[in-house]
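In this note's numbering, the protein residues as written are 49 to 319.
Data block below; observations after.
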Amino acid sequence: MYTSNLLPDAHQVAQAFSHAAATYDQAAGLQRIVADQLLAKSSQYHKGRVLDIGSGTGYASAQLAGSSLVDSVTGLDIAEGMLTYAKAKHSNPKLNWQLGDAQRLAEDCTDLAGRYDLVISSLAIQWCHDLSAVFSGVAHCLAESGVFYCATLGPNTLHQLKWAWAQADGYQHVNEFVPLEVLRSKLQSRFLEVEVVRENIDLKYTSVQQLTKDLKQLGASNHNRQAAKGLTGIGRVRKMVQAYETLRTEGGQLPVTYEVYYVKAKIKAKP
Ligand SMILES: C[S@@+](CC[C@H](N)C(=O)[O-])C[C@H]1O[C@@H](n2cnc3c(N)ncnc32)[C@H](O)[C@@H]1O
């Protein structure tokens, strides 16, 4: 059974992403692919007031603000470093930035209630411990006719890296993500209409070092509470790399899979 207490602590996530802000954009290949797909899927709803949850360096927020039918975009993030970076990078006057936790929208952001025509979130909620709180908060922020679009990761993500580590030691080195049925049931308890589309995105890397460096630069290295404490021994790293090398394809590349869920949900009609 899936247990949410394996997921990361909000302060660790905020710290890791704040530290990663300056290097994030260079390493964000997957994040760009997913954000672009999410923006394309939601394009007919790019109007009115928009809330971008886990806005990071502001990539999607800025694109949304560039749409003529959009009046304003609030980029909300738990990492102050990300917000500072986004503010400095994007100057569209339709943009505003807010520090906040996606799991506490209803409590902390009372001024957001019922305001948004579109709530969007790309690759942020997989860091949240309490998805029910996230979805309650989103429902709280949406206008009655509003729509929620989000992209998040499934458990098949980085399965090659998980497997390679399993050959080296018994610790959990890769973040654990929510299975589809758990995600769907949490969504269905808050929203009237729920659609989830699952897609595997297969990337190629030249080395394991490049993959782990990218994960670090993205602030996406392992924060699971079952992670090995302290430094990972050099021998175990070598074993993991050797195992991963056995997956190298004939074309000379290492496969890296991300399992992405694209969600569209509409708010429950108010009684
Ligand atoms: C992988 S980045 C994605 C950023 C951006 N959406 C993009 O597509 O480039 C994840 C972002 O979610 C933010 N985040 C993680 N947990 C959060 C939470 N509980 N509340 C708000 N933001 C959160 C992180 O600080 C980070 O900026």
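No residue lacks a Cβ here, since even glycine has one placed at the ideal position from N, Cα and C.
Model, not experiment: these values are computed from the prediction.
- Counting C-beta pairs with one atom in each stretch, the segment 237-255 and the segment 301-308 have three or more that are closer than 8 Å, which means they touch.
- At a Cβ-Cβ threshold of 9 Å, A75 and A108 do not count as neighbours.
- Within 8 Å of the C-beta of Y310 there is not a single heavy atom belonging to ligand 1.
- Around the beta carbon of T294, fewer than 16 other beta carbons lie within 10 angstroms, which makes this residue exposed.
- The segment 59-68 and the segment 88-97 do not touch, with fewer than 3 CB-CB distances between them shorter than 8 Å.
- A heavy atom of ligand 1 is found nearer than 8 Å to the CB of W175.
- Rounded to whole angstroms, V167 and K287 show a C-alpha spacing of 43 Å.
- Annotation for Y133: the continuous alpha helix (DSSP H) segment containing it runs E128 to K137.
- With a cutoff of 8 Å, I282 does not count as near ligand 1, since its C-beta is closer than that to no heavy atom of the ligand.
- Checking the 8 Å criterion, the Cβ of I249 is out of range of every heavy atom belonging to ligand 1.
- Cβ contact annotation for A110 (same chain, cutoff 6 Å, sequence separation greater than five): H138, in chain order.
- 9 Å or more divides the Cβ of F225 from the Cβ of K314.
- Set against 8 Å, the gap from the CB of L143 to the closest heavy atom of ligand 1 is not smaller.
- Per DSSP, reduced to three states, the secondary structure at S184 is helical.
- Nearest to L209 by C-alpha distance, out of C198, V222, Y197 and A172, is V222.
- Taken in chain order, the whole alpha helix (DSSP H) runs of length 4 or more contained in the segment 219-266 are 228-236 and 256-265.
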